[in-house]
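One structure below.
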Amino acid sequence: MTAPEPREGIMELRPYKGGDAVLEGFAEPIRLASNEGALGPSPLAVAALERLGPELHRYPDGGATAMRQALAEHHGLEAERIVCGTGSDELLSQICRAYAGPGDEVVYSEHGFMWYKMTARSCGATPVAAPEVDLTANVDNLLAAVGAKTRVVFLANPNNPTGTAISRHEIERLHAGLPEDVLLVLDGAYAEYIEDDWYSDGAELVEAAQNVVMTRTFSKLHSLAHIRLGWAYCPTAVADVLDRIRAPFNVAGPAIAAGLAALADREHAVRTRAHTIQWRDWLAAEASKLGLGTTSSVANFVLLRFPDTAGRTAHDADTFLRQRGIIVRTQDPVGLSDCLRISIGNEDEMRTTLAALSEFMQD
Ligand SMILES: Cc1ncc(COP(=O)(O)O)c(C=O)c1O
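Residue numbering for the sequence shown follows the numbering used here, beginning at 6 and increasing consecutively.
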C-alpha cells in the first residue's frame, strides 16, 4: 500500500502551540499568555459584529477595500500598497512562501518571534538565527548572517518575547546593508505601543525602497485577536505578488466589520495604550524589586528572568502561578527557558499576578 506523501521536511515541523486558554480547576483563569489586549475590544467593534447577523450568507469583499481605505486614512498611507490577511501570521507565511523556498535562507534575530523559524521551514527554506546582544536584535549580527542564499530577513520591532526594540536609525542601517534583492520584513505587531521619535514602524522605508514590507495586526492594541485581522504595507510589486497568492476571500466579513469599528474608536485605543504602558512599567519595576531580571519592554508584556536555583526557576514559577489560576508563557521554544513572558492585563490581574510572584520568591 502506498499513501500520499507530504513534501520533504513537512513531517519534521511541529504544530504552532499558542498560549493555554484553559486551566483545570479554574473556570475563569487569569489569561496572560498570548499578549492579547489588556482591556478587551472596543464596544463599537462588538456592536459592529452584532449588526452583521443578517449579512452572514454573503461573501465579504474579497479585496477588503473599505478596510484598506480606512487603514490608509488612519495611518497616512497609500491604500493600493496595503494587503489584508487572516492575522499577520498569515501574511508572514505568504511573504515567505512567495520569496523563499528550498535551498534559500531566511534570517531572523536569535530570540525572534517563533513563527519566523517555523514558517521558513514550512516553505522548505533554512532559518538562520543572528545572535542578539542583551536580548535585543543586533544589526551587525543580522547583516553578518545574510549571505548569497538569503531571501528574507524577518525582524519584529518591538520583538516578542523580549519586548525590546531597535531605533529608526538602526533599522535604516540594517536596510542600507542588505542586498537589494533581499526582502526586509519589519513586523510591527506591537508598534502602536511606542509613540517616541527614536522609533519608526518602517512605513517610510516601505515607500522609499523596493525591498521593505511592514506587517501589522489588530490582535494587540485593538484587542481583536479572535477575529484574525492583520495587514501588510508593501512596495506595489510585493502587494501585487501577495494579491496573487492569497485565498479569494482571505479576510472574513466579521474581521472587516470589527476592524473598521475598532480603528474608528480612537478613544478606546488611546486608553488601552496608556493603561498598558502604566501597568507594564509597574509590573517590570515591582518584579525587579523581587530580584527578577527584566528587559526594557516597549510592548504589551514583560519578560522576566528567573534564577536557576531549584525551586526558583521559571518552570517552578509557571507551576506556582498555574496553581493560583494564572496562565503565563514559558519561553523554551525561543531558547529562553529561564524566562516567563507575562502579558499586561487589567489592574486586578496585574496585582494578583504580582502578589503570586512575590509569594513565590519568598516561599
Ligand atoms: C511579533 C509578532 N508578530 C506577529 C504576531 C501575529 O499576530 P496575528 O494575531 O496578527 O497573527 C504576533 C502574535 O503574537 C507577534 O508577537
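C-beta: ideal position from N, C-alpha, C; glycine also.
Exposed or buried, which one is residue i when buried takes at least 16 other CB atoms within 10 Å?
| i | result |
| --- | --- |
| G235 | buried |
| L61 | exposed |
| Y64 | exposed |
| E29 | exposed |
| D323 | buried |
| E110 | buried |
| A150 | buried |
| D139 | exposed |
| H79 | exposed |
| A290 | exposed |
| I87 | buried |
| W203 | exposed |
| R249 | exposed |
So, helix, strand or coil for residue i, using DSSP?
| i | result |
| --- | --- |
| I261 | helix |
| D192 | strand |
| A75 | helix |
| M119 | coil |
| L18 | coil |
| T131 | strand |
| L61 | coil |
| L49 | helix |
| V111 | strand |
| T141 | strand |
| R126 | helix |
Tell me, to the nearest whole angstrom, how far the beta carbon of residue i is from that of residue j; I am working on the premise that it is less than 8 Å.
| i | j | result |
| --- | --- | --- |
| H174 | L210 | Their Cβ separation, rounded to whole angstroms, is 12 Å, which puts H174 and L210 out of contact at 8 Å. |
| S114 | E95 | The pair is not a contact, with the Cβ atoms about 21 Å apart (cut-off 8 Å). |
| A130 | C89 | Not quite, the Cβ-Cβ distance comes to about 24 Å (not below 8 Å), so this is no contact. |
| A43 | T335 | Not really, about 21 Å apart at Cβ, beyond 8 Å. |
| V307 | R285 | 6 Å |
| V218 | Y198 | With 8 Å as the limit, V218 and Y198 do not qualify as a contact, their Cβ atoms being about 20 Å apart. |
| I331 | I35 | 5 Å |
Using only Cβ atoms and a threshold of 6 Å, which residues come within that distance of a heavy atom of ligand 1? Order them by chain position. N40, G92, S93, D94, F118, A161, N165, D192, A194, T222, S224, A230 and G235
Of all the beta strand (DSSP E) runs that stay within the bounds of the segment 206-288, which reach a length of 3 or more residues? 217-222 and 235-238
Within the segment 155-202, note down every full beta strand (DSSP E) run reaching 3 residues or more, in order along the chain. 155-161 and 188-192
Completely contained alpha helix (DSSP H) runs for the segment 279-353, where each covers 4 or more residues: 319-328
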